[in-house]
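Take the sequence shown: its letters are residues -8 to 139, numbered as in this note's numbering. Positions of the beta carbon are idealized from the N, C-alpha and C atoms, including for glycine. Shown next, in structure tokens, is the structure this report addresses.
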Amino acid sequence: MSQRTYSAKPADIKREWHIIDLNGKVLGRAASQIATLLKGKHKPMYTPSIDTGDHVIVINADKVKVTGTKEQDKMYYRHTLAGFPGGLKSTNLAKLRARHPEDIILNAVRRMLPRNALGRQMMTKLKVYAGDTHPHAAQKPATREVEA
């Protein structure tokens, strides 16, 4: 029996489409499972240096739950003037949910992926929608339940 480590080639990768409904699911637990799907760690051919992950469609992003007092206490920061004084803008989770509910999921998942070109490539396979409709019906996504 061969003792060689398998390394996936780009031609070997077969990407699937998954649809995840976050209605009533906990944010962090769902985001970690979405990140696993995007990385491809659920596949036996997983290779850390190659993007072997699948496409993920997230619906009902505006109905995701958080525990405790995170709705008011969790803060999101962004630099609008690239580090210049007075350029730091902050908002809490409740205001971000009212204005851009998709950004809650995007931020949580992005921070669970590698911070390099490979992580940015994985993020292109994530599609997040606030409501329960999406324009990807032609890809025939399989419904996937997250344990959250």
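In this structure, Asp45 is the residue among Asp45, Gly19, Asn107 and Ile4 with its C-alpha nearest to the C-alpha of Pro132. With fewer than 16 other Cβ atoms from the protein chains shown falling within 10 Å of its own Cβ, Tyr68 counts as exposed.
The beta carbon of Asp94 lies closer than 7 Å to those of Leu87 in the same chain, with the five residues before and after it left out. Around the beta carbon of Pro1, fewer than 16 other beta carbons lie within 10 angstroms, which makes this residue exposed. DSSP places Lys56 within a strand segment (E or B) once states are collapsed to three. In the structure shown, the three-state DSSP call for Met103 is coil. Ile25 places its beta carbon 7 Å or farther from that of Arg135.
In the DSSP assignment, Thr82 falls within the beta strand (DSSP E) that extends over Leu79 to Asn83. By the Cβ test, the stretch 113 to 129 is in contact with the stretch 26 to 35, since at least three Cβ pairs between them sit closer than 8 Å.
Taking all protein chains in view, the Cβ of Thr124 is surrounded by fewer than 16 other Cβ atoms within 10 Å, so the residue is classified as exposed.
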